[in-house]
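If you're matching positions, the sequence shown starts at 1 in the UniProt record's numbering and goes up one per residue.
To start, the structure under review is shown below, and the notes come after it.
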Amino acid sequence: MADLSIPSLSNGGVYEVDATSADAAARLRCKTLASMSCREAERLLDSNFRANDETVTTLQGAWDCTIRLDCQLGEAERPDGERNKMLRSFDTERVSIIDARNLLEVDLLAAKLQVQLAASNGSQLCAPVLSVVLADVLERNVSLRENCAKLCEGLEMIVRSVAMALRELGLRPECGVPDVGEERLTRRWRVEFESLREANDVLLKTLKHPDANLAVPSCTIEERIDVNWKFLLELVGLLEKIDSEPLLEAEKAEEVEETKAEAKELLSQVEEQLPALLECKYLAQEAAAFGRKVDVRPAASCLEAAQRVQTVVWRFLTTRRVDLSTVCPTKFAEEMLPHPAAFGPARSEAYTGPEGSPHRGPGGSSVLRFLTYNIFMRAPAPTFAHNNGNDKKDARLQRFAQHLCRYDVVCLQEMFGAFSQRRDWLIEVAQQNGFTEVHRSPTSVRPRFLVDGGLLILSRLPMVTQSVLTFEPGTHLDRLSAKGALYARLRGAGSCDPFLMGAADAEAPLLHVCTTHFQSTYTEESSQHSVTVREAQTAQLLQFLLRETDDGEDPTPQRRWPLLLCGTLNVNGRKSAMDGSHSAEYLALLHVLRESLGEVQDLLYDIRGSHPVTYADTRLSGSGEVPAERVLTNAGVYYSDASKRQRLDYLFFFPYVNHHSSQGNVAPMVPATCQVEKFLVDRTKDVGAPVTQLSDHYGIEATFAVIASHQGRNVTDPGTPASQRSDGTTAGAQVADNADQTMDATAEVAEAHAHESETAGEEGELQDFEGETADAAETADEESEEVATAAAALQALVAAEAFTHSVRSYSDMTE
Numbered sequence: 001m002a003d004l005s006i007p008s009l010s011n012g013g014v015y016e017v018d019a020t021s022a023d024a025a026a027r028l029r030c031k032t033l034a035s036m037s038c039r040e041a042e043r044l045l046d047s048n049f050r051a052n053d054e055t056v057t058t059l060q061g062a063w064d065c066t067i068r069l070d071c072q073l074g075e076a077e078r079p080d081g082e083r084n085k086m087l088r089s090f091d092t093e094r095v096s097i098i099d100a101r102n103l104l105e106v107d108l109l110a111a112k113l114q115v116q117l118a119a120s121n122g123s124q125l126c127a128p129v130l131s132v133v134l135a136d137v138l139e140r141n142v143s144l145r146e147n148c149a150k151l152c153e154g155l156e157m158i159v160r161s162v163a164m165a166l167r168e169l170g171l172r173p174e175c176g177v178p179d180v181g182e183e184r185l186t187r188r189w190r191v192e193f194e195s196l197r198e199a200n201d202v203l204l205k206t207l208k209h210p211d212a213n214l215a216v217p218s219c220t221i222e223e224r225i226d227v228n229w230k231f232l233l234e235l236v237g238l239l240e241k242i243d244s245e246p247l248l249e250a251e252k253a254e255e256v257e258e259t260k261a262e263a264k265e266l267l268s269q270v271e272e273q274l275p276a277l278l279e280c281k282y283l284a285q286e287a288a289a290f291g292r293k294v295d296v297r298p299a300a301s302c303l304e305a306a307q308r309v310q311t312v313v314w315r316f317l318t319t320r321r322v323d324l325s326t327v328c329p330t331k332f333a334e335e336m337l338p339h340p341a342a343f344g345p346a347r348s349e350a351y352t353g354p355e356g357s358p359h360r361g362p363g364g365s366s367v368l369r370f371l372t373y374n375i376f377m378r379a380p381a382p383t384f385a386h387n388n389g390n391d392k393k394d395a396r397l398q399r400f401a402q403h404l405c406r407y408d409v410v411c412l413q414e415m416f417g418a419f420s421q422r423r424d425w426l427i428e429v430a431q432q433n434g435f436t437e438v439h440r441s442p443t444s445v446r447p448r449f450l451v452d453g454g455l456l457i458l459s460r461l462p463m464v465t466q467s468v469l470t471f472e473p474g475t476h477l478d479r480l481s482a483k484g485a486l487y488a489r490l491r492g493a494g495s496c497d498p499f500l501m502g503a504a505d506a507e508a509p510l511l512h513v514c515t516t517h518f519q520s521t522y523t524e525e526s527s528q529h530s531v532t533v534r535e536a537q538t539a540q541l542l543q544f545l546l547r548e549t550d551d552g553e554d555p556t557p558q559r560r561w562p563l564l565l566c567g568t569l570n571v572n573g574r575k576s577a578m579d580g581s582h583s584a585e586y587l588a589l590l591h592v593l594r595e596s597l598g599e600v601q602d603l604l605y606d607i608r609g610s611h612p613v614t615y616a617d618t619r620l621s622g623s624g625e626v627p628a629e630r631v632l633t634n635a636g637v638y639y640s641d642a643s644k645r646q647r648l649d650y651l652f653f654f655p656y657v658n659h660h661s662s663q664g665n666v667a668p669m670v671p672a673t674c675q676v677e678k679f680l681v682d683r684t685k686d687v688g689a690p691v692t693q694l695s696d697h698y699g700i701e702a703t704f705a706v707i708a709s710h711q712g713r714n715v716t717d718p719g720t721p722a723s724q725r726s727d728g729t730t731a732g733a734q735v736a737d738n739a740d741q742t743m744d745a746t747a748e749v750a751e752a753h754a755h756e757s758e759t760a761g762e763e764g765e766l767q768d769f770e771g772e773t774a775d776a777a778e779t780a781d782e783e784s785e786e787v788a789t790a791a792a793a794l795q796a797l798v799a800a801e802a803f804t805h806s807v808r809s810y811s812d813m814t815e
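Right under this line is the structure:
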């Protein structure tokens, strides 16, 4: 391990202590030689104490370096499953070694005190009883350091494998492993060809055995077909590039044309292998689903044919001197239809985390905590239909369940219920954590669609009404999903106020919640058509919301209560990858939302002043801009500025009544905070985690302070431009700003009425005066009610401002 510049146990002093301690323990165990001077025993105990401290410190350094390297590799490619298992096992062993060291420190000190006591009594040799104690302590110390050495050997093996993987990716390990001199992309192509050929050779030899159909499981065949499928698709992309990009080193035009013609011919040969591999994959799935033996002959034939084509392509690339140093292997983004018979129920352990609790600010003010998140929990499909292979659904879902206790309302996208029980498992866990209300996309969508819409609303607040909207079939792969929207009308926006939580209280404030998922953009060529589909979906959604959010009895739609519209709208709000200002499609969306539903606030944009990235994020490294996440996100999106660093997820807040209504009402909620929640996995603590974040999207979380008094008029014009509220100022704040003026006006009215009462003297004018007094009293009551409403709004706003700091502190702790 020394050549890797990480902590090593190759220390001569520790080895000498081990040898001396082992020899001393053997002598103390011997009846004839069971003696040792007190001075020698004390010196030996001290040396063991120092050796243990040095050994465990070195072990911890080696462990930190190993975890650091593994995290570095986890940012560059998918975490390896076998390595994750080894790391978890090593972590358990490391903790047990540290605990054993702590116990041995106590025993060493106790033994040293006994030796010192014997020496103070004038004894030069250890007593027989003390000799047995010393022998036991010394043996346990030697055993501890042996275990440390074995663990360090295991860590060394992991460090070397991780360092090699980093070098193959062209990255320099953080512990200083020297990099290779080859072009990293050229080497990566060569490594992929060689590793694939070796793995295929091993499996083909096994499949030729007479009992291969009994010995080889179907999952092994499926995995090997997946790998070959992926690589053949990469070869398709490479051969297509040869015809369109200057990758050839030939100087003569004739050679260039010959090479392009040969590349086209090879391209057709490669594409011919894809249907056969697909059919072989489905045969293996079908046999496994119905408990039949797998016929290995088609698999062997397909793999042999695929390997022959790969060999021909590699020979072509080398003999024609194709420049691979600028071509990065990419993952084919096209998905394939699943085989329903092969899908079984997901298995997960029940989550037993902390129970959900309502959130209460200083002085008992109510706070609603809201989350919208595209969780990327798609319906089961063949491995090669995933973005980057196995997307670890169960592991991600279990980790996400631990965050549920932080929220009152959770809206999820891509939480599909088709062909899996994962959604049911999450709902059960949520109900155990206080989410009593559930609204989900229906799964009975066939034959029009293959899978459901993947939407889910979890709420601690009572749901008064629920409804579902299904869009017209989309384009590309979205035509298979019943995309649409879920709407829920929640009763009692104050999750901490028992009065507001009363489902039977007809006067408790309501909250309209809608989550949706629009058409995705799969290719740049189809982007305009995708925009057209999203525009049609927007029109469907607005008509749906106008109908569902109608809180009045008039024929014209009227919305009295606030509306939260959230989800993955797949409208990139950013003008470009590095420009967070408004895009044209976003401005068009904002315009139609405002025209149909009234004034709208994009809470995340209003707080940040720009559109943050919620999908395909990047980070800066020594080699430049690299993907921030490689386990789940489709690698192909990072090769185009138009598809990386997008803002696709939104949380729109409609605090005012829409412009059709003639009535104004104080919004019962005041936005307090809004931020991006990345749901990153800290792999230094969650050792061996198979993912670096819980989805390919980021979530958006927001907190709202709840105004208990919701009656009265809104003194703010609902038509106030959004630009005047870019700092997050809401209706409640504007009511509070005018509260002093309202109080002053009411005081003047009361003074005028008192003056009239004092100056009224004539009996003939008494009746007129009484009428005026009654009118004045009625006016005073009305304006007093306005004062009470404004005062309540002011109190709620003050509580919201005071609570903002504690909410942000809580968010920092949970991050």
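Glycine is no exception: its CB is placed at the ideal position from the N, C-alpha and C atoms.
In this model, L589 and L233 are separated by some 37 Å (Cα to Cα).
Linking L59 to V687 through their CA atoms gives a straight-line distance of about 16 Å.
Considering only Q543, E146, A261, the residue with the shortest C-alpha distance to D18 is E146. Burial check for Y605: the Cβ neighbour count within 10 Å reaches 16 or more, so the residue is buried.
L458 is positioned such that its CB atom lies closer than 9 Å to that of E437.
Excluding its 5 nearest sequence neighbours in each direction, V133 has C-beta neighbours in its own chain below 8 Å: A111, Q114, listed in chain order. The secondary-structure analysis by DSSP pairs F704 across a beta bridge with L368, P671. Of all alpha-carbon atoms in Q540, H512, R479, the one lying nearest the alpha-carbon of R446 is that of R479. The straight-line gap separating the alpha-carbon atoms of D23 and S621 is approximately 52 Å.
Taking D551 as the centre and dropping the five residues before and after it, the same chain places the C-beta of L510, Q558, R559, R560, W561 closer than 8 Å to its C-beta, in chain order. In this structure, DSSP gives L207 a helical state, which the three-state scheme calls helix.
Look at D682 here: in three-state DSSP terms it is coil, with no helix or strand label.
Taking 4 residues as the shortest admissible run, the stretch 418 to 495 contains the following complete alpha helix (DSSP H) segments, listed from N- to C-terminal end: 422 to 432. Only residues of its own chain outside the window of five on either side were considered, and among them R489 have a CB closer than 6 Å to the CB of T465, listed in chain order.
M86 carries a helical assignment under DSSP once its states are collapsed to helix, strand and coil.
In this structure the stretch 286 to 302 lies against the stretch 203 to 216, because at least three pairs of beta carbons, one per stretch, are closer than 8 Å. A straight-line Cα-Cα distance of about 22 Å links G624 and L680. The shortest CA-to-CA distance from L456 to any of C30, Q285, C152, T516 is the one to T516. Residue environment for L587: exposed (fewer than 16 other C-beta atoms within 10 angstroms of its C-beta). As for any alpha helix (DSSP H) of minimum length 4 sitting wholly inside the stretch 597 to 647, the runs are 603 to 608, ordered along the chain. Sequence-distant Cβ neighbours of K293 in its own chain, meaning closer than 8 Å and more than five residues away, are N213, L214, A287. Around the beta carbon of D641, fewer than 16 other beta carbons sit within 10 angstroms, so the residue counts as exposed. Beta-bridge annotation (DSSP): E677 is paired with G699. In chain order, F193 place their CB closer than 7 Å to the CB of W314, counting only its own chain and leaving out the 5 sequence neighbours on each side. Contact between the stretch 641 to 652 and the stretch 607 to 622 is present: three or more C-beta pairs spanning the two stretches fall below 8 Å. At the C-beta level, A284 and E240 stay beyond 9 Å of one another. Counting only residues of its own chain and dropping the five nearest sequence neighbours on each side, S596 has a CB closer than 7 Å to the CB of L542, L546.
About 18 Å separates the Cβ atoms of E82 and R630, ruling out a contact at the 8 Å cut-off. The beta carbons of K575 and F518 sit no closer together than 9 Å. Scanning A165, L469, W63 for the CA closest to the CA of E153 turns up W63. Within the DSSP secondary-structure output, D649 pairs in a beta bridge with T568. Scanning L28, P671, G699 for the CA closest to the CA of L371 turns up G699. In the structure shown, V513 adopts extended strand secondary structure according to DSSP, grouped into three states. Beyond the five residues adjoining it in sequence on each side, I97 comes within less than 8 Å, by CB distance, of V56, L59, L144, N147, C148, L151 in the same chain, given in chain order. Here DSSP, grouped into helix, strand and coil, assigns G688 to coil. Under the three-state reduction of DSSP output, E75 falls in the helix class.
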